[in-house]
Amino acid sequence: MIVKPKIRDFICTTAHPKGAFENVKRQIEYIKSKEKINESENALIIGCSTGYGLSSRIAAAFLKGCNTLGVMYEKEAKNKRTATAGWYNTAFFEEFALKEGLYAKTINADAFSEETMEKVIKIIKKDLNKISLIIYSLAAPRRTMPDGTIVSSVLKTTNEEFKSKSLNLETKEVFEVLIPPATEEETKNTIKVMGGDNLKRWIEKLNDADVLEKNTKVISFSYEGPDLTHKIYKDGTIGKAKQNLLEATNEINKKYENIKAYVSLNKALVTQSSAAIPVVPLYLTILYKIMKEQNLHEGCIEQAYRLFKEKLTKNPKLDEKNRIRLDDYEMLPSVQQEVKKAWEKVNTTNLEDFADLEGYKKDFLNMFGFSFENVNYDEDVDVNIKIKSLSNEI
Ligand code: NAD
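Under this note's numbering, the first residue of the sequence shown carries the number 4, and numbering increases by one thereafter.
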């Protein structure tokens, strides 16, 4: 099948297996160019197939030599439909890991369901005995609650309407967007999906099953960003969920002596989830330009490398709210002052002067396996790629 990108709004509905291979290979090569940290441990990555979760899995495996068990929610190829990018990424990740002699298995199931948790516990008991690292990198649009009801997360402001500049990436137009405030119900539901309740359930289950080592580390990811985006992010529905995630992390630390849980504030980056947040793509294109000019730009893999190399040391350096700061470069005054200046001036006519549209677009397409210069996109490609651990080959 010949696979081309099919972009609808902020998502690409096709994925290219050869490009996904390239994406995973390049991330692994980056990590392997670094000096190894010889601290192999058994790791569980929840949300392991794209974005921050995939890069964390790659860094855990190829930097530290970790055995990794991943949980994701992806789709296999069917009829004329390609698999999702995360499916291909995982198939190739497993292949690379196995070649290196590293254990790698993946569960493709809903990380909100009790059944998935039980399945994970069973596999840990059978294959690994115990784990000591948990990365919680879930970004989900909805959650099926234990009673079967389905709740959705929304990306809205809270309290009042928010008027802001925004970017239409298709037409390259800067326009004014009016984001309505969420209802109380919508905010509550967003917290249920993206907050800390599900993380607490996972930890309780894993701890009760006695599969956690004495010194287990739990890391989940969050974001705050500058004033410019606070109304839609930090003070918006997603920000309320992230506040709840931080509270859950503090509760976990109080409740379990054997666990040290951290929230890491990461850099804003193009991922399948962040592309969907209103206003954020304009901020990202401006941020990319400035951070590249200042030689500070990073992608998910560079962030994942710094997480293990610099931040998760024996005595992790935390901020006043006990958080890891991987957004340290993004939040430098030298970066944010320039972002603010650019934000005030940017409009449709001068967009290219202030925003890295090309960089954003390339990163976006790369996520789905497109726009790699060494992949021939006019060539027929087999889209039916198997994931070894899911087809019982290992
Ligand atoms: P992403 O969309 O690339 O990854 C989401 C992952 O969650 C995928 O592996 C997907 O398969 C999995 N997933 C989704 N629903 C699932 C379900 N029901 N069951 C099992 N797996 C499921 O997102 P991302 O941007 O890498 O986000 C990961 C985390 O990082 C989120 O908590 C996000 O808020 C946070 N974060 C993102 C940014 C950013 O700019 N992208 C910045 C800071 C923090």
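Ideal Cβ placement from N, Cα and C applies to all residues, glycine included.
Residue burial classification, residue i (beta-carbon count within 10 angstroms, cutoff 16)
i	result
M294	buried
S337	exposed
Y4	With the sequence shown as reference, residue 4 is identified as Met, and Tyr is not the correct amino acid for it. Counting Cβ neighbours within 10 Å, M4 comes out exposed, since fewer than 16 surround it.
P281	buried
F178	exposed
G198	buried
R11	exposed
L181	exposed
P149	exposed
D381	exposed
R145	exposed
E341	buried
T17	buried
E355	exposed
N201	buried
K270	buried
D394	Before going on, a small fix: residue 394 reads as Ser here, not Asp. By the neighbour-count rule (16 or more Cβ atoms within 10 Å), S394 is not buried but exposed.
D211	exposed
Q297	exposed
D330	buried
T119	buried
P229	buried
K245	buried
DSSP state of residue i mapped onto helix, strand, coil
i	result
P8	coil
P20	helix
G372	coil
E216	strand
S225	strand
T190	helix
N171	strand
V342	helix
I357	Correcting the residue type first, residue 357 is Phe in the shown sequence and not Ile. Note: F357 maps to helix in three-state DSSP.
S394	helix
I182	strand
F13	coil
E313	helix
T93	helix
E305	helix
S337	helix
K320	coil
K35	helix
V27	helix
K166	strand
V196	helix
E176	strand
I206	helix
Cβ-Cβ separation, residue j to residue i (assumed contact under 8 Å), whole Å
i	j	result
V154	A185	Actually they are not in contact, since the Cβ atoms of V154 and A185 sit about 13 Å apart, beyond 8 Å.
A107	A100	4 Å
I40	F65	The pair is not a contact, with the Cβ atoms about 10 Å apart (cut-off 8 Å).
Y139	I388	No, Y139 and I388 are not in contact; Cβ-Cβ is about 27 Å, not under 8 Å.
M75	G89	6 Å
V386	T85	5 Å
K21	V384	6 Å
V273	D366	5 Å
T1	K159	The structure shown does not extend to residue 1, since the chain spans only 4 to 397, so no value can be given for it.
I34	I14	With a Cβ gap of about 27 Å, I34 and I14 do not count as contacting.
V214	K344	Their Cβ separation, rounded to whole angstroms, is 51 Å, which puts V214 and K344 out of contact at 8 Å.
G50	A112	That belief does not hold up - the Cβ atoms of G50 and A112 are roughly 12 Å apart, past 8 Å.
L249	V266	5 Å
C303	S58	4 Å
The ligand ADP heavy atom lying under 7 Å from the CB of residue i
i	result
E341	Among the ligands in the structure shown, the ligand ADP does not appear; only the ligand NAD can be found there.
Contiguous beta strand (DSSP E) assignments of at least 3 residues, all confined to the region 228-295: 262-268
Under 6 Å, CB to nearest heavy atom of the ligand NAD: contacting residues: G50, C51, S52, T53, G54, Y55, G56, V74, M75, Y76, E77, G89, D113, A114, F115, S140, L141, A142, A143, F224, S225, Y226, N269, A271, L272, T274, Q275, S276 and S277
Entirely enclosed alpha helix (DSSP H) segments - the region 99-153, minimum 4 residues: 117-126
Beta strand (DSSP E) runs contained entirely in the region 41-83, provided each spans 3 or more residues: 45-49 and 70-75
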